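Below you'll find the structure, written out as structure tokens, and then a few comments.
Number of protein chains: 2
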Amino acid sequence: MTDDTAPEFRRDPVTGRWVVVAPERAARPMALRGAEPRHRPDRERKPCPFCPGQEHDTPHEVYALRDPGTAPDGPGWRLRVVPNKFPVARAQDPSPRPPPPGGEGEKEHGRCSAPPPFPGEGAGGRGLFRTSPASGRHEVVVETADHLADPAALSDGRLAEVFVAYRERLVALAADPALTYAAVFKNVGAEAGASLGHTHSQILATPLVPDLVRRELAGSAEYHAANGRCVFCDIVAHELADRSRVVAETPGFVAVTAFAGRFAYEVWVLPKHHTSRYEAITDDAAGELAALMRRVAGAMDAVLAEPAYNWYLHTAPLRAGDLPHYHWHWEILPRTSRPAGLEWGSGCFVSAVPPERAAAELRASM
Amino acid sequence: MTDDTAPEFRRDPVTGRWVVVAPERAARPMALRGAEPRHRPDRERKPCPFCPGQEHDTPHEVYALRDPGTAPDGPGWRLRVVPNKFPVARAQDPSPRPPPPGGEGEKEHGRCSAPPPFPGEGAGGRGLFRTSPASGRHEVVVETADHLADPAALSDGRLAEVFVAYRERLVALAADPALTYAAVFKNVGAEAGASLGHTHSQILATPLVPDLVRRELAGSAEYHAANGRCVFCDIVAHELADRSRVVAETPGFVAVTAFAGRFAYEVWVLPKHHTSRYEAITDDAAGELAALMRRVAGAMDAVLAEPAYNWYLHTAPLRAGDLPHYHWHWEILPRTSRPAGLEWGSGCFVSAVPPERAAAELRASM
């Protein structure tokens, strides 16, 4: 920044999306009185369907960590993955269609303006308006048997099991040839979209690669073609040398505020070494990652007074193999502003806090 | 829809973005208890800087509709455009750099994965992390001298003057060769980003074309190259024949629920005949458009119990000339859901209300 309040355009190095960092906007009425504080949903189902003893209220579990000798769909578990009772997409095709050769993700790497291949092409309207049955799988990771709202309240060891569970589900979902991408995400607080107050994550696996992931795949493929390197590896190297946006690091991971994020205090957590598929993470690395995510969430709680937030994984499409240009990472997005007409209408996001200042504040609270 | 509750993928015909329409999600706890109701900002400045007598509290007006004989920046006006006191971008270069040949918008039509040309290239960091002073102009359209919160409370004639003012400011801003795009948008209710309770719109003009507009330009150019027609003209023709998503129409315009919108009850208002530049609208057409926008906003108020909403213009870049593939339109976006980790993380939006049902409800309230 040339001076501390001059507004600045910044370009996201992966997707090319530009944002505005405008510190003087913090002076306007109603601006940044702090992030949206998180609350438990005020209309929770009682009894909580994610608590022990209520296993009959969820579909059959597909993964669980259980005490020896306990039966599926009964008590005795400490982590449980079940199909979502209100799925965004659902398994519905008894004889799944094989995916196009190479998978949709790979075919899309070098372009993003063209319409993506669409499942069931022509089935629900040819040409202009295309529809397709929303096939897929939508799962819930119940992270603990305790009725806690806050994932940071789990011990490092218990949270490590959550990050291992994400991996195990990606591996399992990849075995279904009808699925191309699995989005892993978490909503903390009703303001961030949580509809139940018992801490949980979600996995939505679909035959389509979602928009933002496609754009990252395309941007990183283009960068790799031009420079022969992974753009995320270059980001990691730059951030570790520069330090101004580094929030915390471990031997294998670094947490940085996003150079051109959509929200103030947006943090990315990246492996230091190149790896495109989250499925390849080891148990040890998952533990290291979980502990780092927990520390970052704790620092956000301290600096932003327990904000509502999301975390989500960006990883390669299922069965895409090891990609030289892509690099999985987590993004943690606190609700530090309320997107308005500019953001929804134009896609240009405005932040009143420079990422360097946000990183300094978070570092001081680690 | 094959049955009334089966979830469905839908593809936006312009950008290729896909969304999920999942009516059965409405059954889950906390789902769609109605849209976020709008409220006036609770920390408004007193006295209101947009009221008559407070003209000294805003920068000098750049456009106004005034009683004969009244002086600029004094009372006697019924509509006033002033620079934003807390600008996202600001004029700061005394000798503006000429734009690249052809303008950024034109150069970007056929691609969107590559980083866009960036102003001040190299000035704020070469290569990976690019920054640039946020040059531009950020203006406020104060739509009435009355301290009203609701634009639909204006008469058709007064609202027509607002839609003419948008045009006049686009024409004026196009004269600055440093500016490439002007985003026109409106926030209604604090929940939609309004920070002052006196009804107003904003115009942000920048040297860059914003992300979502670039994607529409790219998608529509590709459609035109493949089909020889404007994709928006084809949408209009299809919707007028099909009728299931038509909310209302006038001789020159049609309002439809978006086939694959991000929010339930999202409405697009399009000219029936091809026109890429909003600057070309006539006074009469602006009046017809304003009356239609007002009717749609009124129907949303009735169906969604006065929701917070935004409206924003998508039009061609400044000085882009008449484009055969692009077609200006307004989008009206009510806050019918709270984007969560899936939306922010993957770009996949989920709506619990099929656009055809939303259109039927809105039609019934016109």
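Heads up: the protein sequence lines correspond to chains A and B, in order. Its first residue numbered 1, the first sequence is counted upward by one per residue in our numbering. Its first residue numbered 1001, the second sequence is counted upward by one per residue in our numbering. For every residue, glycine included, the Cβ atom is placed at its ideal position computed from N, Cα and C. Remember, predicted model here, so these are calculated numbers, not experimental data.
- Query: Cα separation between residue 362 (chain A) and residue 188 (chain A)?
  - Reply: A direct Cα-to-Cα measurement between residue 362 (chain A) and residue 188 (chain A) gives close to 19 Å.
- Thinking residue 336 (chain A) and residue 263 (chain A) are a contact (beta carbons under 8 Å), I'd like their distance in whole angstroms, please. Going by Cβ atoms, the distance from residue 336 (chain A) to residue 263 (chain A) rounds to 5 Å, so yes, they are a contact pair.
- Can you have a look at residue 155 (chain A) and say buried or exposed, based on whether 16 or more other CB atoms are within 10 angstroms of its CB? Around the beta carbon of residue 155 (chain A), a 10 Å sphere encloses fewer than 16 other beta carbons of the protein chains shown; the residue is thus reported as exposed.
- Inter-residue Cα distance where the pair is residue 1216 (chain B) and residue 1327 (chain B): Roughly 10 Å separates the two Cα atoms.
- Message: Can you list, in chain order, the residues of its chain with a C-beta nearer than 7 Å to that of residue 11 (chain A)? Leave out the 5 residues immediately preceding and following it.
- Response: Closer than 7 Å at the Cβ level, and outside the excluded window around residue 11 (chain A), lie 18 and 260.
- Message: Does chain B have any CB closer than 7 Å to the CB of residue 183 (chain A)?
- Response: So, interface residue.
- Message: Looking at residue 200 (chain A): is its Cβ nearer than 7 Å to the Cβ of residue 142 (chain A)?
- Response: Yes, the pair counts as a contact, with Cβ atoms nearer than the cut-off.
- Mind reading off the beta-carbon distance from residue 1186 (chain B) to residue 341 (chain A)? Whole number of angstroms is fine, and I expect it under 8 Å. Yes, residue 1186 (chain B) and residue 341 (chain A) are in contact; Cβ-Cβ is about 6 Å, under 8 Å.
- Count the other C-beta atoms from every protein chain shown that fall within 10 angstroms of the C-beta of residue 211 (chain A), then say buried if there are 16 or more, exposed otherwise. It is buried - the Cβ of residue 211 (chain A) has at least 16 other Cβ atoms within 10 Å.
- Rounded straight-line distance, which links the Cα of residue 1204 (chain B) to that of residue 1088 (chain B): A direct Cα-to-Cα measurement between residue 1088 (chain B) and residue 1204 (chain B) gives close to 8 Å.
- Own chain, CB closer than 8 Å to residue 179 (chain A), minus 5 neighbours either side, in chain order: So the qualifying residues of the chain are 136, 137, 173, 205, 206, 207 and 318.
- Message: Taking 6 Å as the limit between beta carbons, can you name the residues of its chain near residue 1353 (chain B), skipping five residues before and five after?
- Response: Closer than 6 Å at the Cβ level, and outside the excluded window around residue 1353 (chain B), lie 1264.
- Item | Pairwise C-alpha distance: residue 1314 (chain B) and residue 1350 (chain B) | Rounded to the nearest angstrom, the two C-alpha atoms are 23 Å apart.
- With 16 other Cβ atoms within 10 Å as the buried cut-off, status of residue 84 (chain A): Around the beta carbon of residue 84 (chain A), 16 or more other beta carbons sit within 10 angstroms, so the residue counts as buried.
- Query: Looking at the structure shown, is residue 1220 (chain B) part of a helix, part of a strand, or coil, going by DSSP?
  - Reply: In the structure shown, residue 1220 (chain B) sits in a helix (DSSP, three-state: H, G or I).
- Item | Residue environment, residue 1167 (chain B), which counts as buried when at least 16 other CB atoms sit within 10 Å | Flag for residue 1167 (chain B) reads buried.
- Query: By the criterion of Cβ-Cβ separation under 7 Å, what are the contact partners of residue 365 (chain A) in chain B?
  - Reply: Under a criterion of Cβ atoms nearer than 7 Å, no residue of chain B is adjacent to residue 365 (chain A); the nearest Cβ is some 23 Å distant.
- Message: My output table needs one value for residue 132 (chain A): the three-state DSSP class, helix, strand or coil.
- Response: DSSP, reduced to helix, strand and coil, places residue 132 (chain A) within a strand of the structure shown.
- Item | Inter-residue spacing [alpha-carbon to alpha-carbon] between residue 1289 (chain B) and residue 1058 (chain B) | Spanning the two alpha carbons is a distance of roughly 29 Å.
- Item | Opening and closing residue of the alpha helix (DSSP H) in which residue 1235 (chain B) lies | Unbroken alpha helix (DSSP H) run through residue 1235 (chain B): 1231-1242.
- Item | Per DSSP, the bridge partner or partners of residue 1278 (chain B) | DSSP, once it has assigned bridges, lists no residue as partnering residue 1278 (chain B).
- Should residue 1169 (chain B) and residue 1081 (chain B) be called a contact, given that it needs their Cβ atoms to be closer than 7 Å? In this structure, residue 1169 (chain B) places its C-beta atom within 7 Å of the C-beta atom of residue 1081 (chain B).
- Task: Give the residues of chain B in contact with residue 342 (chain A), contact being defined as C-beta atoms less than 9 Å apart.
- Result: Contact note: residue 342 (chain A) reaches chain B through 1088, 1183, 1185, 1187, 1193, 1202, 1204, 1210, 1310 and 1312, using a C-beta cutoff of 9 Å and chain order.
- Message: Considering Cα atoms alone, identify which of B:1042, B:1040, B:1073 and B:1041 is closest to residue 1051 (chain B).
- Response: Closest in C-alpha terms to residue 1051 (chain B), from the list B:1042, B:1040, B:1073 and B:1041, comes B:1073.
- Query: So what does residue 312 (chain A) bridge to, in DSSP terms?
  - Reply: The bridge partners DSSP lists for residue 312 (chain A) are A:185 and A:331.
- Message: Rounded to the nearest angstrom, what separates residue 1241 (chain B) and residue 1218 (chain B) at their Cα positions?
- Response: So the alpha carbons of these two residues sit roughly 26 Å apart.
- Message: Let me see if you follow: with CB-CB separation under 7 Å, is residue 1255 (chain B) close to chain A or not?
- Response: Not one chain A Cβ lies under 7 Å of residue 1255 (chain B).
- Message: Please identify, using Cβ separations under 7 Å, the residues of the stretch 344-363 of chain A that lie next to chain B, in order along the chain.
- Response: Along the stretch 344-363 of chain A, the positions whose C-beta sits under 7 Å from a C-beta of chain B are 344, 345, 346, 347, 348 and 350, read in chain order.
- Item | Cross-chain neighbours of residue 163 (chain A) in chain B, by beta carbon under 9 Å | Residues of chain B passing the Cβ test: none, with the nearest at roughly 16 Å.
- 7 Å Cβ shell around residue 149 (chain A) - same chain, five flanking residues per side excluded: Taken in chain order, the residues that qualify are 40, 197 and 199.
- Query: For the stretch 1311-1340 of chain B, which residues have a CB atom closer than 8 Å to at least one CB atom of chain A, in sequence order?
  - Reply: Along the stretch 1311-1340 of chain B, going in chain order, the ones with a CB nearer than 8 Å to a CB of chain A are 1311, 1312, 1313, 1314, 1331, 1333, 1338, 1339 and 1340.
- Message: Does chain A have any CB closer than 7 Å to the CB of residue 1141 (chain B)?
- Response: Under the Cβ distance rule, residue 1141 (chain B) does not count among the residues neighbouring chain A, no pair being separated by less than 7 Å.
- Message: Against residue 1008 (chain B), what residues of chain A qualify as contacts under a CB-to-CB distance less than 8 Å, listed in chain order?
- Response: Residues of chain A passing the Cβ test: 124, 131, 132, 133 and 134.
- Task: Return the Cβ separation of residue 1181 (chain B) and residue 1213 (chain B) in integer angstroms, given the expectation that the two are a contact with Cβ distance under 8 Å.
- Result: With a Cβ gap of about 7 Å, residue 1181 (chain B) and residue 1213 (chain B) count as contacting.
- Which of the three DSSP states, helix, strand or coil, is assigned to residue 297 (chain A)? Look at residue 297 (chain A) here: in three-state DSSP terms it is helix.
- For residue 54 (chain A), which residues does DSSP report across the bridge? Its beta-bridge partners do not exist; DSSP assigns none.
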